[in-house]
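Notes to accompany the following structure.
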Amino acid sequence: IRTEVADAAKYEIAENDIPDVIVIEMLRACLESEPQVAVAAHMLRQVPDVVMVPAEVSVDLVLINDSREFDLDAAVTGTDPVARDRIPVGRVIAIDRAGLLSLDGAIPGVELHLPEHDPKRYRPMLCTTIRVYDDHLLQDYDSGITCPQRVPIDGELKPGDSLRLSYRRGARPGIAAELIA
Numbered sequence: 082i083r084t085e086v087a088d089a090a091k092y093e094i095a096e097n098d099i100p101d102v103i104v105i106e107m108l109r110a111c112l113e114s115e116p117q118v119a120v121a122a123h124m125l126r127q128v129p130d131v132v133m134v135p136a137e138v139s140v141d142l143v144l145i146n147d148s149r150e151f152d153l154d155a156a157v158t159g160t161d162p163v164a165r166d167r168i169p170v171g172r173v174i175a176i177d178r179a180g181l182l183s184l185d186g187a188i189p190g191v192e193l194h195l196p197e198h199d200p201k202r203y204r205p206m207l208c209t210t211i212r213v214y215d216d217h218l219l220q221d222y223d224s225g226i227t228c229p230q231r232v233p234i235d236g237e238l239k240p241g242d243s244l245r246l247s248y249r250r251g252a253r254p255g256i257a258a259e260l261i262a
């Protein structure tokens with residue numbers, strides 16, 4: 082085993098040293114703050130047939146009823162937990178092999194519309210899902226990086242609002258959100 086300290090976003094893989102698997106663990110919830118996308122794209126451009134771990138990272142906008150996220154009584158009594166109360170809104174981003182190989186600059190954003198809902202009951206949140214490999218998933222609360230996160234926008238979002246969400250690359254990567262008038 083050989084180790085090397087280098088900037089992963091600039092690292093060049095030697096022709097005689099092609100790996101079978103590349104594991105990139107620079108993840109935070111909603112792809113925030115860490116260069117997971119930049120490093121994965123850089124590595125895949127050099128070795129497009131390598132097994133990449135994680136295989137996919139996706140972020141979805143979901144309306145979440147906080148009062149139904151956790152059932153502490155079920156944990157204590159051993160009864161079945163209350164079903165979560167969520168309204169899926171849409172996919173914000175999905176980063177996988179095909180997307181990374183076709184990446185040549187900015188990642189296209191999406192426009193999502195908040196459906197009618199009770200704003201006292203539901204909050205718009207971003208949920209990260211990680212497909213590690215094949216059907217091995219990290220989903221809600223399996224890890225700190227899969228805990229729902231607030232939408233990065235000032236003010237309260239209301240039913241009927243439309244948002245433009247995009248992945249911001251560069252020194253401070255992450256999801257950017259803006260209200261569409």
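For the sequence shown, position 16 matches number 97 in our numbering, and the numbering has no gaps at all. Virtual Cβ for every residue (Gly too), placed ideally from N, Cα, C. Only a predicted model underlies this, so the values are computations on that prediction, with no experimental measurement involved.
Per the coordinates, the alpha-carbon of Y203 lies some 20 angstroms from the alpha-carbon of R245. Look at H217 here: in three-state DSSP terms it is strand. Contact check for P100 and P254: beta-carbon distance about 24 angstroms, past the 8 angstroms limit, so the pair fails to qualify. A direct Cα-Cα distance of roughly 34 angstroms separates G251 from P200. Contact between the region 183-190 and the region 162-172 is absent: fewer than 3 CB-CB pairs across the two stretches fall below 8 angstroms. Rounded to whole angstroms, the Cβ separation of V173 and V134 is 22 angstroms, and the two are not in contact under 8 angstroms.
Out of S247, I94 and P229, the CA that lies nearest to the CA of A175 is found in S247. Excluding five sequence positions before and after L218, the CB atoms of its chain that fall closer than 8 angstroms to its own CB belong to T210, I211 and R212, given in chain order. Distance from the CA of L260 to the CA of A87, rounded to the nearest whole angstrom, comes to 39 angstroms.
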